[in-house]
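Novice: Remember, this note's numbering sits 24 above the position in the sequence shown when you count from 1. Each residue gets a CB set at the ideal place from its N, CA and C atoms; glycine is no exception.
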Amino acid sequence: MISVAARSVLTASCSRSIYAKPAAGGLLGAIARRFKTDGVKGAVIGIDLGTTNSCVAVMEGKQARASNLQVIENSEGVRTTPSVVAFTKDGERLVGAPAKRQAVTNSQNTLYATKRLIGRRFDDPEVQKDV
Numbered sequence: 025m026i027s028v029a030a031r032s033v034l035t036a037s038c039s040r041s042i043y044a045k046p047a048a049g050g051l052l053g054a055i056a057r058r059f060k061t062d063g064v065k066g067a068v069i070g071i072d073l074g075t076t077n078s079c080v081a082v083m084e085g086k087q088a089r090a091s092n093l094q095v096i097e098n099s100e101g102v103r104t105t106p107s108v109v110a111f112t113k114d115g116e117r118l119v120g121a122p123a124k125r126q127a128v129t130n131s132q133n134t135l136y137a138t139k140r141l142i143g144r145r146f147d148d149p150e151v152q153k154d155v
């Protein structure tokens, strides 16, 4: 899945000739074929995974315009959700504001600011510092 912003950057950075005639074996040609916008049908969902808060939006149509974008509200009616996940003693999973609210009383089972760890190996010193 590619976000709306990433798709816009890719479209802006690649000429139309790349889409029409991608290089047979080149990396740029492979990217152009994979993320070609001509084949997009239906809505595109973009996820802004932030360190503190996250947001989800839907784009309908092929043009990224304000009239085509709609931010999806969470179950509490808010357009952003805290990037926090927690597990209770009973094994229940809490996400967003409920997880953030109980973080002080259940800090050992609450995960936050994990975006900075995405893509790192488990033995990375930065990851081990938080384990």
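Following the continuous beta strand (DSSP E) through Gln94, name the residue where it begins and the one where it ends.
Specialist: Element bounds for Gln94: 93 to 96.
Novice: Thr75: buried (16+ other C-beta within 10 angstroms of its C-beta) or exposed?
Specialist: Result: exposed.
Novice: Taking only three categories from DSSP, how would you classify Tyr43?
Specialist: Because Tyr43 sits at a pLDDT of 40, beneath the cut-off of 50, its placement in the model cannot be relied upon, and the point is left open.
Novice: Taking all protein chains shown into account, do 16 or more other C-beta atoms lie within 10 angstroms of the C-beta of Val91, making it buried, or fewer, making it exposed?
Specialist: Looking at the sequence shown, residue 91 is not Val but Ser. Under this definition Ser91 is an exposed residue.
Novice: How would you call Thr129, buried or exposed, if buried means at least 16 neighbouring beta carbons within 10 angstroms?
Specialist: Under this definition Thr129 is an exposed residue.
Novice: Where does Leu51 land, buried or exposed, given buried means 16+ other C-beta within 10 angstroms?
Specialist: Exposed, by the Cβ-count rule.
Novice: Pop quiz: Ile96 and Val82 are said to be a contact at Cβ under 8 Å. What is the actual Cβ separation, rounded to whole angstroms?
Specialist: That belief holds up - the Cβ atoms of Ile96 and Val82 are roughly 6 Å apart, short of 8 Å.
Novice: Within its chain, find whatever has a CB closer than 6 Å to the CB of Leu141; leave out the 5 residues flanking it on each side and keep chain order.
Specialist: Closer than 6 Å at the Cβ level, and outside the excluded window around Leu141, lie Val151.
Novice: At the level of alpha carbons, what is the spacing between Val119 and Gly143?
Specialist: One C-alpha to the other measures close to 21 Å.
Novice: For the candidate residues Asn98, Lys139, Val68, whose alpha-carbon lies nearest to that of Pro122?
Specialist: Of the listed residues, the one whose Cα sits closest to Pro122 is Asn98.
Novice: Check each candidate in Lys124, Gly115, Ser107, Val68 and name the one with the smallest Cα separation from Cys87.
Specialist: As written in the sequence, residue 87 is Gln, which differs from the Cys given in the question. Comparing Cα-Cα distances from Gln87 to each of Lys124, Gly115, Ser107, Val68, the minimum goes to Val68.
Novice: So that I know if they touch, is there some Cβ in chain E lying closer than 7 Å to that of Ile96?
Specialist: The structure shown has no chain E; it contains just one protein chain.
Novice: For Lys139, I'd like the list of residues in its chain whose CB is within less than 8 Å of its CB, leaving aside the five on either flank, ordered along the chain.
Specialist: Excluding positions up to five away in sequence, the list reads Leu73, Gly74, Thr75, Ser107.
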